[in-house]
Amino acid sequence: MSQPVELHGRLFHPFISDTQITERTNELATELNEVVGLETPIALGVLNGAILFHSDLIRAFSFDVEVAYLRTRSYSGMKSSGKVDIEWPDDLSVTGRHVLLVEDIVDSGRTLVALTKELHERGAARVTSVVLLDKPAARVVPFKPDFMGFEIPNAFVIGYGLDFDGLGRNLSSIYQVVE
Ligand code: 5GP
């Protein structure tokens, strides 16, 4: 973790360690254990970025949970395209359910605003957003996650599920771009 990594010719320096991520993820799960009552929620992971956070978070829950995923796309390279595409799985129903929306990062806010709206339109009884990283300075549309791991500055990050043009998702800690 102490060494910088190079992806597609760009340098990224160590930013949040795997130990810090594990500790914070377990804290978030403990908070969620207190919020989720007797109902069984659906932990809906947003692909691809939330893969590692989602799988670590759900393993720390002490309540029964169903697991589902959907895919969104808005980023190309280090820039947000401004448009959010949601691929809704044919077999996913959220009607009357409590949905834990699990996302890697909130940046402009567009993805989570679009997903929250979609979930309510599809009849979710309750939507609780859980994000690992929050970049409040990058917000274009207002959005405040219900649960948040780390607040970070407005700089591009990779690792622990987050990619730079397809690379870096498998790194177990998070790195920040060197400008
Ligand atoms: P938003 O819709 O809030 O602008 O962006 C959400 C999505 O953009 C995230 O799910 C993530 O895929 C991508 N994203 C935003 N900031 C970063 C970043 O710093 N690094 C990477 N790799 N992806 C990001």
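Residues in the sequence shown are numbered from 21 upward in steps of one, following my numbering. Glycine included, C-beta positions come from ideal geometry on N, C-alpha and C. Bear in mind the structure is a predicted one, so any value in this text is a computation, not a measurement.
In the assembly as shown, K103 is an exposed residue. Its beta-carbon has fewer than 16 other beta-carbons within 10 Å. Put simply, of E54, N68, H74 and G69 the residue whose alpha carbon is nearest the alpha carbon of S82 is E54. The shortest C-alpha to C-alpha distance from R146 to any of D111, V119 and E59 is the one to V119. Using a Cβ distance threshold of 8 Å, V160 and R130 count as a contacting pair. By the neighbour-count criterion, in which 16 or more other beta carbons inside 10 Å mark a residue as buried, V150 falls on the buried side. Annotation for S75: the continuous alpha helix (DSSP H) segment containing it runs I71 to R79. Distances from the CB of D166 to the heavy atoms of the ligand 5GP are all 7 Å or more. Considered as a whole, the stretch 102–129 harbours 118–126 as its complete beta strand (DSSP E) runs of no fewer than 3 residues, in chain order. Relative to E51, the option among T148, S75 and E171 whose CA is nearest is T148. Per DSSP, the beta bridge partners of T92 are I106.
Taking each of D185, K164 and E199 in turn and checking the Cα distance to S94, the smallest one comes out for D185. Not one heavy atom of the ligand 5GP is found less than 7 Å from the C-beta of T39.
Distances from the CA of N46 to each of F176, F167 and I62 were compared; the closest alpha carbon is that of F167. A straight line joining the alpha-carbon of R79 with that of E199 spans about 36 Å. Taking the Cα positions, D124 is about 5 Å away from L152. DSSP places R146 inside the beta strand (DSSP E), whose first and last residues are R146 to D154.
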